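Just so it is clear: in the sequence shown, position 15 is 15 by this note's numbering, and no numbers are missing.
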Amino acid sequence: MKVVIVGGVAGGASAAARIRRLDEHAQIIMIERSGYVSYANCGLPYYVGGVIKEQEELTLQTPESFWDRFRIDVRVRQEVTAINPTEKTVTVHALDSGKVYTETYDKLLLAPGAKPTVPALSGVSSERVFTLRTVEDTLRIRRLCRGSEAENRCFGWRRLYRSGNGGKPCGDGRFVTIVQRPKQLLAPLDADMASFVHAEMRRHGVALRLGETVTGFRQDGDSVLT
């Protein structure tokens, strides 16, 4: 049996390993659009902040280790652009070389993941407005944070996962602000418990703009105003 998996990281990589345990003879191909097939998602903010020092510490598995351990053919920087269920084929675009080829399958598993929700605000497409989801996102943000021109950082607060961004945003003492519409961080907590979180964030020098809404962004030279 030949199995093609579209997407890696938590969903696709876990499925690939499970399929191998169930069938040691299956041919398994995993196609991942990014350059990283398995990494520590929750560690991304800590790499931005300098708590995790080396990029390699984010990597859980590589294409080589997947092959050595599971005999799974992992293809990174490749994107499935079309599916033909009648012929049981997928069209694959190799992003680095530009090559387009067709891969057959007996079973197809879709694990493409998700993408960040980007609000429809003016200026949101600026190269200095980021979302954080992938290792590539993390590297771009870290490069900006390490740049001498990045004196202020502003985070739009989204979900518990993002607490790492504010708690240890860049690790270099520069100004960091979190803006969010609700009047407390970590909505599942009672207000009195959330107040301890607020105090701890402020103790680390993070400015909290709670009960406020970002309405847009405007780039002014090397800065973005919000």
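Positions of the beta carbon are idealized from the N, C-alpha and C atoms, including for glycine. In this text, all values refer to a predicted model and were calculated from it rather than measured experimentally.
Beta-carbon contacts of residue i that lie in its chain and below 6 Å, excluding the five residues immediately before and after
i	result
Tyr36	Val135
Gly123	Gly216, Phe217 and Arg218
Tyr161	Confidence at Tyr161 is low in this model, with a pLDDT of 41, below 50, so its placement is unreliable and the value that follows should be read with caution. Nothing listed; no residue qualifies.
Gly113	Gly7
Arg159	At Arg159 the pLDDT is 42, less than 50, meaning the model places this residue with poor confidence; the figure from the coordinates comes in the next sentence. Cβ neighbours of Arg159 beyond the five flanking positions: none.
Gln27	Lys2
Ser163	Note that Ser163 has pLDDT 47, beneath the 50 cutoff, so the model's placement of it is unreliable and no number is given.
Ile52	Gly43 and Tyr46
Thr62	none
Beta-carbon contacts of residue i that lie in its chain and below 8 Å, excluding the five residues immediately before and after
i	result
Asp137	Leu44, Phe130 and Thr131
Glu64	none
Arg20	Ala26, Ile28, Phe70, Arg71 and Ile72
Arg202	Leu208
Leu189	Val197
Leu121	Val214, Thr215, Gly216 and Phe217
Ala17	Phe70 and Ile72
Residue i: first and last residue of the uninterrupted beta strand (DSSP E) it sits in
i	result
Ala207	Val206 to Leu210
Arg218	Arg218 to Asp220
Val9	From DSSP, Val9 is part of no beta strand (DSSP E) but of the alpha helix (DSSP H) over Val9 to Leu22.
Phe175	Phe175 to Gln180
Val3	Lys2 to Val6
Residue i, enclosing alpha helix (DSSP H) - first and last residue
i	result
Thr138	Val135 to Arg146
Glu127	Careful: Glu127 lies outside any alpha helix (DSSP H) and carries neither H nor E.
His198	Ala191 to Arg203
Identity of the residue in the options nearest residue i by Cα
i	options	result
Tyr101	Leu95, Leu109, Leu110 and Thr91	Thr91
Lys99	Ala111, Leu110, Thr117 and Arg77	Arg77
Cys145	Cys42, Leu22 and Gly49	Gly49
Asp106	Thr226, Arg209 and Val4	Val4
Leu110	Ile141, Gly11 and Phe175	Gly11
Val182	Glu200, Gly205 and Thr213	The identity of residue 182 in the sequence shown is Pro, whereas the question assumes Val. It is Thr213.
Glu127	Pro119, Pro116 and Ile141	Ile141
Thr117	Glu103, Arg133 and Thr104	Arg133
Asp96	Leu185, Leu121 and Glu79	Glu79
Lys115	Ala82, Ser34 and Thr177	Ser34
Leu210	Leu22, Phe66 and Thr177	Thr177
Ala13	Met193, Ala187 and Phe66	Phe66
Thr104	Ser125, Ala82 and Pro119	Ala82
Ser125	Val9, Val224 and Leu22	Val224
Arg143	Gln55, Ser195, Met30 and Asp23	Gln55
Val206	Ala187, Val179, Met193 and Ala194	Val179
Met30	Val9, Asp23 and Asp68	Val9
His93	Leu139, Pro119 and Glu32	Glu32
Leu58	Asp23, Leu139 and Glu24	Leu139
Residues near residue i in its chain [Cβ-Cβ closer than 7 Å; skip 5 each side]
i	result
Leu60	Ser38, Tyr39 and Ala40
Ala15	Ile5, Leu109 and Ala111
Gly167	The predicted position of Gly167 is uncertain, since its pLDDT is 48 and thus under 50; a value taken from the coordinates is nonetheless stated next. So the qualifying residues of the chain are Met201 and His204.
Next on the checklist: Report the start-end ranges of each alpha helix (DSSP H) in the stretch 33 to 116 that is 4 residues or longer and not cut off at the edges.
Outcome noted: For secondary structure counted as the alpha helix (DSSP H) over 4 or more consecutive residues, the stretch 33 to 116 holds these complete runs in sequence order: 44 to 48 and 63 to 70.
Checklist entry - Can we say the stretch 83 to 93 touches the stretch 64 to 72, given the rule of at least three CB pairs closer than 8 Å? => result The stretch 83 to 93 is not in contact with the stretch 64 to 72.
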